[in-house]
Amino acid sequence: MTIPVMGHSSPSPEEQRLIVKGLIDHAEANLKEGNFYYVVSNRWFVSWQMYTGLDVTGYLMSADSPDLPSELNRPGPINNSELVSNLTASEPDSLELIRTLEEGRDYVLVPEDVWKKLLEWYGGGPPLPRKLILQGSIHKKFNIEVYPLTLKLVDSRDNSEAVIRISKKATICELCEKVGALKGLPQNKVCIWDYFNNRKNLILDSSVKTLEDANLEMDQHILLEVQDHGEVSSTNEVSLAGNELALVPIEPSRSAVTIAGGPTLSNGYSMNLNSNFNPGLSSSLADRCDSHDSHGALRKREKGGLAGLQNLGNTCFMNSALQCLFHTAPLVDYFLEDFSDEINKQNPLGMRGELATAFGDLLRNIWLASRTTIAPRVFKGKLSRFAPQFSGYNQHDSQELLAFLLDGLHEDLNRVKQKPYIEMKDSDGRGDEEYADECWKNHKARNDSIIVDTCQGQYKSTLVCPVCDNISITFDPFMYLTLPLPSMVNRTMTVTVLHGDGSRLPMPYTVSVSKNGFCRDLTQALCTECCLRHDESLLLAEVYDHKIYRFLESPLESLFSIKDDEHIVAYRIPKERTGLKRLEIVHRSPDKKLLGSPLVSYLLEECVTVSDIGIAIKSVLAPFKKAHVSSRDIHCEKGSSSGSDLCDESENGFLDNAAGHNFASEFPLRLTVVDERSSNGEAIDDDYVKNSPFMRITLNWTDEELDLYDVSDLEDLPEVCKSGFTAKKTRQEAISLFSCLDAFLKEEPLGLDDMWYCPHCKEHRQASKKLDLWRLPEILVIHLKRFSYSRYLKNKLDTFVTFPIQNLDLGKYVKSKEASNIPCMYELYAISNHYGGLGGGHYTAYAKLIDEDRWYHFDDSHVSSVNETDIRTAAAYVLFYRRVKSGEAK
1 MTIPVMGHSS PSPEEQRLIV KGLIDHAEAN LKEGNFYYVV SNRWFVSWQM YTGLDVTGYL
61 MSADSPDLPS ELNRPGPINN SELVSNLTAS EPDSLELIRT LEEGRDYVLV PEDVWKKLLE
121 WYGGGPPLPR KLILQGSIHK KFNIEVYPLT LKLVDSRDNS EAVIRISKKA TICELCEKVG
181 ALKGLPQNKV CIWDYFNNRK NLILDSSVKT LEDANLEMDQ HILLEVQDHG EVSSTNEVSL
241 AGNELALVPI EPSRSAVTIA GGPTLSNGYS MNLNSNFNPG LSSSLADRCD SHDSHGALRK
301 REKGGLAGLQ NLGNTCFMNS ALQCLFHTAP LVDYFLEDFS DEINKQNPLG MRGELATAFG
361 DLLRNIWLAS RTTIAPRVFK GKLSRFAPQF SGYNQHDSQE LLAFLLDGLH EDLNRVKQKP
421 YIEMKDSDGR GDEEYADECW KNHKARNDSI IVDTCQGQYK STLVCPVCDN ISITFDPFMY
481 LTLPLPSMVN RTMTVTVLHG DGSRLPMPYT VSVSKNGFCR DLTQALCTEC CLRHDESLLL
541 AEVYDHKIYR FLESPLESLF SIKDDEHIVA YRIPKERTGL KRLEIVHRSP DKKLLGSPLV
601 SYLLEECVTV SDIGIAIKSV LAPFKKAHVS SRDIHCEKGS SSGSDLCDES ENGFLDNAAG
661 HNFASEFPLR LTVVDERSSN GEAIDDDYVK NSPFMRITLN WTDEELDLYD VSDLEDLPEV
721 CKSGFTAKKT RQEAISLFSC LDAFLKEEPL GLDDMWYCPH CKEHRQASKK LDLWRLPEIL
781 VIHLKRFSYS RYLKNKLDTF VTFPIQNLDL GKYVKSKEAS NIPCMYELYA ISNHYGGLGG
841 GHYTAYAKLI DEDRWYHFDD SHVSSVNETD IRTAAAYVLF YRRVKSGEAK
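Residue 430 in the UniProt record's numbering sits at position 430 of the sequence shown, and the numbers go up by one each step.
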C-alpha cells in the first residue's frame with residue numbers, strides 16, 4: 001500500500017530537522033505501553049538524514065561516506081517495500097517483515113508523530129506500525145515489538161488454516177475475539193487450544209493473562225474448537241496419525257504444589273510427590289527413573305542426558321548453552337536433589353526462584369528422559385520475561401546467555417537472605433595472601449550458592465599510575481574467563497609511506513598494532529618501521545578514487561574507523577609546519593581520468609607564484625623519473641601538438657598560456673596545472689597561490705610525459721588488509737589456548753574511555769593494567785572472544801585454537817602460594833560451538849556424558865555420538881573444564 005505525496009510543499013530541510021527532533025524528544029519523554037512506532041527503511045532514512053542533517057542515532061551521518069548516497073538532494077517517497085516479504089497482501093495488518101532484518105542496518109524505528117510528518121512531506125509506504133510494550137517480570141524495560149506473534153490457526157471443523165498476527169502482550173480474550181471475528185463466531189463459542197507440535201496441550205482460557213504467559217511460540221499452531229451449548233464440537237476430528245512431532249514431550253509448567261524432585265507425566269504436567277516415592281505410579285512413569293531416594297532426590301536414568309532440545313525459532317544458541325550446563329556434573333547432582341529450601345524468593349537481584357525452578361525442571365527432563373526431543377517452551381518463556389534481550393526470534397550469543405543464566409541461577413539460589421553491608425578496605429601494605437583471603441571472605445558473605453561453589457574463581461588486578469607510579473591492587477571474583485585471540489588483540493595493517501620532499505619512492509610497510517588502538521599507535525609503529533628522522537612527522541590519509549578522501553589527523557581516532565579494504569597512506573612531512581602551506585597534488589590521465597595516489601608536500605608561505613609550485617612538483621616527482629631520460633628529452637619542443645603556439649618560455653622556466661602553465665626546461669613535463677575546484681580546466685594564477693591557505697591542484701598528464709616518468713608506484717596501493725584475506729587458519733597455523741591466556745594476562749594500558757582515577761594524583765590516568773589468576777574454580781568456563789563489535793564494524797574470527805582435552809595444567813598461571821595445595825589440572829567435558837558468520841550462523845554443543853567416557857554431538861533435537869578426535873574445530877566458542885583430582889589425570 002503506497003500513499004501519494006501530499007499536494008502542498010513541505011518545509012525546508014532545516015525546518016524538517018527541527019520539527020522531527022522536537023517530536024522525537026517529546027516521544028522519548030512520554031514513553032508508555034501501547035505507543036506506536038513505525039518501521040522505516042534505513043536506506044531511505046539515511047538519505048533523509050543527509051538531506052536535513054539530522055542526527056537521530058547519536059552519530060551524524062557524513063555526506064562523504066562511501067557507504068552512503070552521494071547525492072544530498074531531496075529524497076523521493078518512502079520505500080518500505082524492501083522490508084516486507086508479502087507485499088501483495090490485501091490488508092495492511094497482513095504485511096510481514098522479513099525475519100532476517102536488523103535494526104540500524106535494514107530499518108529504523110520512528111515515533112508515530114514523526115511517521116505522520118514524513119508521510120505528509122514525502123508520501124510512500126507501506127506503513128508498518130509496531131507497538132511499544134513493557135517487558136520483564138522484575139526489571140521492566142520498554143521494547144518495540146517489531147515482530148508480533150504469528151500463530152497458525154487450525155479450524156477443527158475442516159482442518160483449514162489461517163494466520164493470526166497479534167501482540168505477545170495480548171490477552172487470551174483478545175485472541176479469542178480476533179479468531180471469532182475472523183471466523184464469524186461469537187466470542188463465547190470460541191475455544192482455543194495450545195496446539196504446539198500439532199498436539200492438544202492446554203486449553204487457553206482467561207486464567208492465563210497474556211499469550212506470553214501461555215508460552216506460545218512464533219509460527220506455532222493453535223486449534224479452534226467451537227462450543228455448542230457449553231460443549232465443544234467439531235465437524236472433523238483432527239488427526240495426529242503419522243505426525244512424529246506429536247510425540248515430542250513438552251517441558252512442563254511447574255505447579256505451586258510440585259516438589260522440586262517430582263518427575264513429570266508424558267502429557268507435560270507435573271505430578272506432586274511427597275517425600276516418599278509413590279509406588280502407585282504407572283509403570284511407564286516409573287521406568288523413567290532408575291531410583292528415587294527417601295529424600296525426594298532423583299538419580300540419573302541409564303543413558304539419560306541424551307535428549308535433544310527442539311529449536312523454537314533461532315534458539316540454537318540457547319540449546320547449545322543449556323546442553324553444556326546439563327552435562328556439568330555438580331549442577332546435575334544439585335538439581336536432581338531437592339533444592340527448594342535454597343530458593344531465594346526475596347532477593348531483589350534474582351527472579352523469585354522462577355528461573356532456577358524452570359532450569360531445574362528442564363534438567364530433570366533431560367536426565368530422566370530416554371533419547372527423545374524436549375521442547376523447552378516453559379524455560380524459554382521464563383528467560384524472555386526475565387531477560388527481554390533474549391526474547392523474540394533473532395539469533396543471540398550463547399556466551400551472553402551463559403553469563404546471564406549463571407548469574408541468574410546464583411541470585412535465585414543465593415543462600416544469603418540478608419546481604420550484610422561490607423566496606424571494602426585497601427590492602428594497607430598487607431601481603432597478597434591475606435588481602436586476597438579477606439576479599440574472598442567478604443564476597444562469600446554476600447554471595448553463597450552452588451554457582452559460587454562451583455563456577456567462581458578469583459583474579460588479582462594490578463593498576464599502575466603512569467605519572468606517580470602509584471599501585472592499586474584488588475582481588476575480584478570471576479564466573480568465566482574471556483580470552484582474546486592474539487589475532488583479535490593485534491591487527492596487522494599495511495600502509496604506504498610517501499616522501500613529501502621527493503627523496504624516495506613510495507614504500508609499503510606492514511605493522512602490527514593493538515586492535516583497540518588509535519591512530520597514534522599506528523603512527524608510532526610506522527615511525528619505527530620506516531626510520532623516521534627526528535625532524536619529520538607522518539600525516540595519515542585515506543585514498544579513495546585516486547583522491548584524498550580524509551586526513552586522519554586526530555591521534556585519538558580509533559583504528560576501528562579504518563576498514564580492511566581501505567587504502568591508507570602516510571606522508572613524511574616536516575615536523576614543524578609553522579610558516580608552511582600544504583600542497584596536495586592529484587593526477588589526471590590523458591583520457592581525463594584520475595590516476596595514481598595523490599602526493600602531499602609543504603611550501604614556505606613566501607612561495608606565492610605558480611613557478612614556486614612548479615619547482616615543488618618537480619622535486620616531488622623526481623624519484624619517478626625514468627633512468628633513460630636525459631636532459632635533451634626535457635625541453636620544450638616548438639611545433640609539437642602539446643606545445644605548439646605555447647612555447648613562450650619565461651625566465652622562471654614555465655611556459656605561460658591562457659589555458660594553464662606548461663613546464664619546460666626547468667620542469668621536464670608539459671603539464672597543465674589547474675584548480676581542482678574548476679571542472680572546465682581554468683588555470684590557477686599567482687593570486688590563487690598567494691591567497692590559498694592550502695592548495696589542491698591537478699596535474700594533467702599527456703602520453704609523452706607518461707613516457708618520461710614511471711608512476712606505477714603510485715598505482716595499486718595495497719589495502720590495509722589484503723582483500724580476500726581471511727583470519728581462518730589451518731591446523732598447522734593454529735594458535736594455542738595458552739597463547740590466548742598469555743594475551744589475557746599481558747600488561748596493557750587502559751583505553752582512553754576507561755581511565756582510572758589515581759587517588760594519589762587526584763586525576764584520571766591511563767593506567768597500565770595487569771591481571772593474574774589467583775583462585776581457580778571447580779568448573780572453569782573459558783570464552784574465546786571470536787566476536788568483536790564497534791561503532792564502525794563487526795567481525796568474527798574463525799581462527800583455529802588448539803586446546804587440551806585432558807591435562808590442562810594452569811599451575812604456572814596461578815600466583816597464589818596456597819595454590820600448590822589445590823589441583824590446577826583440568827579436563828574438558830563440553831564445548832559450545834558457533835558455525836558461520838555474523839549475519840547468521842548456527843550453534844551446537846559437544847558434551848561428554850557423565851560417568852561415561854564418550855562424547856556426543858547435540859545439534860538441537862539431533863543427538864549423535866562423536867569421536868574425541870573430532871571435537872577440536874575452529875567453531876569452538878565456549879570451553880567447559882572440570883578440575884581433575886589428584887591421581888585422576890591421564
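Cβ atoms here follow ideal geometry from the backbone N, Cα and C, with glycine treated the same way.
{"query": "Glutamate 15 in three-state terms, based on DSSP", "result": "helix"}
{"query": "DSSP state of glutamine 399 mapped onto helix, strand, coil", "result": "helix"}
{"query": "Asparagine 86 and tryptophan 44 closer than 8 Å at C-beta", "result": "no"}
{"query": "Cβ-Cβ separation, glutamate 217 to glycine 313 (assumed contact under 8 Å), whole Å", "result": "6 Å"}
{"query": "Integer-rounded CB distance, given that leucine 594 should sit under 8 Å from valine 586", "result": "6 Å"}
{"query": "Inter-residue CB distance, valine 543 and alanine 525 (contact presumed, cutoff 8 Å)", "result": "Their Cβ separation, rounded to whole angstroms, is 19 Å, which puts valine 543 and alanine 525 out of contact at 8 Å."}
{"query": "Between the CA atoms of valine 452 and glutamine 220 - distance to the nearest angstrom", "result": "38 Å"}
{"query": "Exposed unless 16 or more other CB atoms sit within 10 angstroms - verdict on isoleucine 697", "result": "buried"}
{"query": "Cα-Cα separation, asparagine 319 to leucine 539", "result": "51 Å"}
{"query": "Distance, proline 376 Cα to leucine 204 Cα", "result": "19 Å"}
{"query": "Strand pairing of tryptophan 756, partner residues [DSSP]", "result": "Arg765"}
{"query": "Validate contact between the stretch 697-707 and the stretch 447-465 using beta carbons, cut 8 Å, 3 pairs", "result": "no"}
{"query": "Backbone CA spacing between lysine 117 and lysine 21 [nearest angstrom]", "result": "12 Å"}
{"query": "Length of the line joining the Cα atoms of glutamate 606 and aspartate 685", "result": "15 Å"}
{"query": "Cβ-based burial, valine 878 [other Cβ within 10 Å; buried from 16]", "result": "buried"}
{"query": "Proximity of arginine 572 and leucine 532 at Cβ, strictly below 8 Å", "result": "yes"}
{"query": "The stretch 410-417 / the stretch 380-389 touching (three or more Cβ pairs under 8 Å)", "result": "no"}
{"query": "For arginine 491, three-class secondary structure by DSSP", "result": "strand"}
{"query": "Bounding residues of the beta strand (DSSP E) (the contiguous stretch that carries serine 206)", "result": "Segment: none, serine 206 is in no beta strand (DSSP E) and carries neither H nor E."}
{"query": "From Arg199, Ile133 and Gln187, residue whose alpha carbon lies closest to that of aspartate 228", "result": "Gln187"}
{"query": "Closest by C-alpha distance to arginine 430, when choosing among Glu225, Leu31 and Ser472", "result": "Ser472"}
{"query": "8 Å CB neighbourhood of aspartate 397 in its chain, flanking five on each side removed", "result": "Phe317 and Phe787"}
{"query": "Glycine 304, buried or exposed, once every other Cβ within 10 Å from all chains shown has been counted against 16", "result": "buried"}
{"query": "Backbone CA spacing between valine 46 and glutamine 458 [nearest angstrom]", "result": "47 Å"}
{"query": "Runs of alpha helix (DSSP H) lying entirely within the stretch 126-204, each at least 4 residues, in chain order", "result": "172-183"}
{"query": "For serine 167 and lysine 178, the rounded distance between their alpha carbons", "result": "12 Å"}
{"query": "Per-residue DSSP class, three states only, for alanine 876", "result": "strand"}
{"query": "Option nearest serine 739 by Cα separation, candidates Tyr813, Tyr757, Glu715 and Leu498", "result": "Tyr813"}
{"query": "For alanine 847 and arginine 883, the rounded distance between their alpha carbons", "result": "16 Å"}
{"query": "Length at least 3, wholly inside the stretch 389-477: the beta strand (DSSP E) runs in chain order", "result": "457-464"}
{"query": "Among Leu604, Arg588 and Leu603, nearest to serine 597 - alpha-carbon criterion", "result": "Arg588"}
{"query": "CB-CB length for proline 804 against leucine 737, believed under 8 Å", "result": "7 Å"}
{"query": "Sequence-distant residues of its chain with Cβ nearer than 7 Å to lysine 345 (five each side left out)", "result": "Arg352 and Gly353"}
{"query": "Cutoff 8 Å; reference alanine 743; Cβ partners in own chain excluding five residues on either side", "result": "Leu483, Pro484, Leu485, Pro486 and Val489"}
{"query": "Rounded C-alpha distance that separates histidine 292 from proline 330", "result": "Since pLDDT at histidine 292 reaches only 49, below the 50 mark, its modelled position is unreliable, and no value is offered."}
{"query": "Status (buried if at least 16 other CB within 10 Å, exposed otherwise) for tyrosine 602", "result": "buried"}
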